[in-house]
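Numbering (the numbering used here), first residue to last: 416 to 628.
Right, here's the structure in full:
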């Protein structure tokens, strides 16, 4: 019997928890363009991304959405509140390697929404979708990686303490800030399916559910 094929990255997908506060929707739509553009222009968003254009035009953001939606190895979601439908960020799976069952994850949330549990809930939904078997509606990945600036202590702390990710590498002078001709180290973390199903999923879900109380 032929094995199930990975769910196409471009398939329409909505993710949420029964008592959750947020809804993840793929693909991004025109409704997301303006708030996404505002997010990309936020100094806090580009603080640890020296090679990201700090002043993208709205057309740049629209083109980015169209390109990513057409890319079958990328799956980006909007993050919106259930009660008001407010756009609070986006996240996704990138550089999908279906043969290796591996992908990379990334997240962007407005600064004024930090420490409100958005990242934990959204990333729980994304990781669960990534690791869930294809025949159960997931992507069927075995490995999810995160790459961040070595100076991004908040993200690194979340990955280690909340998600149970393992640091696998530190790349020296990996990212260049062309405007200042300076370099930054990057750090790679990973979570494996067996780790997610072992303890990481339960631990992160417990953290998320504390915000429902």
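For glycine and all other residues, C-beta sits at the position ideal for the given N, C-alpha and C.
From a predicted model like this one, the values you see are computed outputs, not experimental measurements.
Between the alpha carbons of residue 483 and residue 489 lies a gap of roughly 6 Å. Taking C-beta separations shorter than 7 Å and ignoring five residues to either side along the sequence, the partners of residue 450 in its chain run 502, following chain order.
Here DSSP, grouped into helix, strand and coil, assigns residue 463 to coil.
Under the Cβ criterion (8 Å, minimum of three pairs), the segment 464-477 does not count as touching the segment 536-552. Annotation: residue 578 to residue 561 spans about 11 Å, alpha carbon to alpha carbon. Measuring C-alpha to C-alpha distances from residue 573 to each of 584, 591, 625, 530 identifies 530 as the nearest. For the 9 Å CB-CB criterion, residue 623 and residue 539 form a contact. Under the three-state reduction of DSSP output, residue 535 falls in the helix class. Taking the Cα of residue 626 as reference, the smallest distance to any Cα among 519, 537, 455 is reached at 537.
Within the model, the alpha-carbon separation for residue 511 versus residue 518 is close to 4 Å.
DSSP places residue 570 inside the alpha helix (DSSP H), whose first and last residues are 568-572. Of the residues assessed, residue 542 falls on the buried side of the cut-off, its CB having 16 or more other CB atoms within 10 angstroms. With respect to the 9 Å criterion, residue 469 and residue 456 are classified as neighbours on the basis of their beta carbons.
Taking residue 609 as the centre and dropping the five residues before and after it, the same chain places no C-beta closer than 6 Å to its C-beta.
If you ignore the 5 residues before and after residue 591, its C-beta comes within less than 7 Å of the C-beta of 465, 466, 598, all in its own chain and listed in chain order.
Within its own chain, the residues whose Cβ lies closer than 8 Å to the Cβ of residue 612, once the five positions on either side in sequence are excluded, are 546, listed in chain order. Our two residues, residue 570 and residue 628, have alpha carbons roughly 24 Å apart in a direct line. A straight line joining the alpha-carbon of residue 463 with that of residue 498 spans about 31 Å.
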